[in-house]
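In what follows, a structure is listed as structure tokens, so that the remarks can point back to it.
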Amino acid sequence: MTYESTATTVSIDLLKKYDRPGPRYTSYPTVPVWSNTVGASDYRQALANASRRQDEPFAIYCHIPFCKRRCYYCGCNTVITNSQRRVEDYIRALMNEVENTAAMMGQRRRISQLHFGGGTPNYLDCQGIAQLLRHMDKFFEFVPNAEKSMEIDPRVTTVQQLEFLAAAGFNRISMGVQDFDLLVQEACGRVQPLELVENLLSHCRRLEFTGINFDLIYGLPKQTVEGFSKTIDAAIALRPDRLAVYSFAYLPSSLAHQSKILPEDLPTTGVKYRLFATAVEKFTAAGYRQIGMDHFALPEDELTRAQADGRLFRNFMGYTVQHSPEMVGFGMSSIGYIDNAFFQNHSKLDSYQNAIAENQFATYRGLRLNDDDLLRQYLITQLMCNFRLNYEDLAAKFGVAYNDYFGTEHKQLGVFFDDDLLREDAAGLTITPVGRTFVRNIAMTYDAYLNGSQADKTPTFSRTI
Ligand code: SF4
1401 MTYESTATTV SIDLLKKYDR PGPRYTSYPT VPVWSNTVGA SDYRQALANA
1451 SRRQDEPFAI YCHIPFCKRR CYYCGCNTVI TNSQRRVEDY IRALMNEVEN
1501 TAAMMGQRRR ISQLHFGGGT PNYLDCQGIA QLLRHMDKFF EFVPNAEKSM
1551 EIDPRVTTVQ QLEFLAAAGF NRISMGVQDF DLLVQEACGR VQPLELVENL
1601 LSHCRRLEFT GINFDLIYGL PKQTVEGFSK TIDAAIALRP DRLAVYSFAY
1651 LPSSLAHQSK ILPEDLPTTG VKYRLFATAV EKFTAAGYRQ IGMDHFALPE
1701 DELTRAQADG RLFRNFMGYT VQHSPEMVGF GMSSIGYIDN AFFQNHSKLD
1751 SYQNAIAENQ FATYRGLRLN DDDLLRQYLI TQLMCNFRLN YEDLAAKFGV
1801 AYNDYFGTEH KQLGVFFDDD LLREDAAGLT ITPVGRTFVR NIAMTYDAYL
1851 NGSQADKTPT FSRTI
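Here it is, written out as structure tokens:
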């Protein structure tokens, strides 16, 4: 298939101008403003309320925290272990959590999306995954077109595992690639040759997985513009359906293992801008559509089509076309969204397992959204996912006129109009192709916890580029 180039050039001056701390908006309000006054009894009540919406499908996120060794750049919530007993104990806790949740959800059983994240979800062998899936099948029903996805580490993935996942109805796979350059891989403590990824990709295609995703990271040690360009070219040659290009945040003072990365090996801020600009330019020139600030998908991919129709949705599992507003999280540190409230489980393995054993639920923080939060959540989701906001849709959904409610925020958009990142017509706001890279900055204008009424709770974030 040949692809029409939609090349987008993002200038280094713009990257410099808009690079500031800011949220990624996988949720609104963002995690740092959640409170630990929300706990297991609130979660129980939310599940009971949600059980009344019997016909509405919901989504499941399942966190598998284990990895064999820690990559030096890792920023995830992981447990490094080789102990099979720890894994078995964890699977048992997950199964209890599934059962306790199902008991609260009553007749509400339909699932539209299941995502395994980590850690390394495929640290579990086929038997462990099968045990969990059988248990979920006992209490829930997957809708016919349900999206079942798993993040995999190519270094520990076997063909047998992929065959098992395909037979179990998994249809999406996301691979951690980061960079194909051996020097970068060695500096990150994670060596995985291109041939390994290539081989797994061909098996994924044979097994008819769709929406196959590669995660890349820019800002890693030893990365150069030339080397990363080669990685991007290699990725384009392999043609995954989707790509995510994340920024590496170097935080050795809070993540001690990152101190294995030498500061002098890191690219300068200027080089980091060029790495990202190169990714945007090359992927869009190769026919990929920029579907989020740092996500790209082929034109025929479901995500691209959903975005064109204005029905793309984003949650903690990433971009999705399965709009299940409600989601339950299983496992340590997992997040759920139920009955207009966020809930997060304990992020330490022992605390999680003890809480499940004692209280049935392991919620340790969360946030119930008020009317203003819900309105801003909708607006920010529209911008982040569909790159536009329709004033009539907003009024129909919330009974407010955009100009009356967001008059103050709108006045702050001038800088984005001037730089042609954003345009307005009678119907609403549209983010331009260049503006897509800066969608977080635009969304931040509407964040009540960064500006305006809730600003006293202002959280801190990593940088937007
Ligand atoms: S595989 Fe992923 S989660 Fe595990 S240590 Fe490496 S980066 Fe962290």
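Under this note's numbering, the residue at position 13 of the sequence shown is numbered 1413, and the numbers go up by one with no gaps.
Built from N, CA and C at the ideal position, the CB exists for glycine as well.
Please read all numbers here as calculations on a predicted model, not as lab measurements.
{"Check": "Measuring only between beta-carbons, confirm whether Asp1442 sits less than 7 Å from chain D.", "Outcome": "This model lacks chain D altogether; it includes just one protein chain."}
{"Check": "List the endpoints of the continuous beta strand (DSSP E) containing Gln1744.", "Outcome": "1741-1745"}
{"Check": "Of the residues Ala1567, Arg1485, Asp1847, which one's Cα is nearest the Cα of Thr1808?", "Outcome": "Asp1847"}
{"Check": "Does the distance from the CB of Arg1590 to the CB of Phe1540 come in under 7 Å?", "Outcome": "no"}
{"Check": "If we call anything under 7 Å between Cβ atoms a contact, is Phe1730 one with Leu1583?", "Outcome": "no"}
{"Check": "Please report the distance separating the alpha-carbon of Met1504 from that of Tyr1737.", "Outcome": "15 Å"}
{"Check": "Got a sec: does the ligand SF4 put a non-hydrogen atom nearer than 6 Å to the Cβ of Thr1520?", "Outcome": "yes"}
{"Check": "Less than 6 Å between the CB of Arg1555 and some heavy atom of the ligand SF4, yes or no?", "Outcome": "no"}
{"Check": "Where DSSP assigns a beta bridge to Pro1833, which residues make up the other side?", "Outcome": "Bridge partners of Pro1833: none, in fact."}
{"Check": "Assuming Met1693 and Thr1832 form a contact by the criterion Cβ under 8 Å, report the distance between their Cβ atoms to the nearest whole angstrom.", "Outcome": "About 13 Å separates the two Cβ atoms, so there is no contact after all."}
{"Check": "From what residue to what residue does the alpha helix (DSSP H) around Val1433 run?", "Outcome": "It is not in any alpha helix (DSSP H) - Val1433 carries neither H nor E in the DSSP assignment."}
{"Check": "With respect to the alpha helix (DSSP H) encompassing Gly1807, which residues constitute its N-terminal and C-terminal limits?", "Outcome": "1807-1811"}
{"Check": "Where does the unbroken alpha helix (DSSP H) through Ala1706 begin, and where does it stop?", "Outcome": "1702-1708"}
{"Check": "For the 8 Å Cβ check, are there 3 or more pairs between the stretch 1819-1832 and the stretch 1783-1798?", "Outcome": "yes"}
{"Check": "For the structure I just gave you, are there three or more beta carbon pairs, one from the stretch 1604-1613 and one from the stretch 1566-1578, closer than 8 Å?", "Outcome": "yes"}
{"Check": "Leaving out the 5 sequence neighbours to the left and right, which residues in its chain are closer than 8 Å to Ala1757 when beta-carbon positions are compared?", "Outcome": "Ala1493, Asn1496"}
{"Check": "In chain order, which continuous runs of the alpha helix (DSSP H) of length 4 or greater are located wholly inside the stretch 1654-1697?", "Outcome": "1669-1685"}
{"Check": "Pair every Cβ in the stretch 1428-1435 with every Cβ in the stretch 1766-1786, then say whether three or more of these pairs are closer than 8 Å.", "Outcome": "yes"}
{"Check": "In the DSSP output, what is Thr1720 paired with across the bridge?", "Outcome": "Phe1713"}
{"Check": "By the three-class DSSP mapping on this structure, what secondary structure does Glu1541 have?", "Outcome": "strand"}
{"Check": "Does Tyr1646 come out as helix, strand or coil in the three-state DSSP assignment?", "Outcome": "strand"}
{"Check": "From the DSSP output, in three-state form, read off Asn1841 for me.", "Outcome": "helix"}
{"Check": "Verify whether the separation of the beta carbon atoms of Gly1519 and Thr1558 is less than 7 Å.", "Outcome": "no"}
{"Check": "Would you give the residue range spanned by the alpha helix (DSSP H) that Glu1595 belongs to?", "Outcome": "1594-1606"}
{"Check": "Counting beta carbon pairs with one atom in the stretch 1697-1711 and one in the stretch 1437-1455, are three or more of them shorter than 8 Å?", "Outcome": "no"}
{"Check": "Which class does Thr1763 belong to by DSSP, given the choice of helix, strand or coil?", "Outcome": "strand"}
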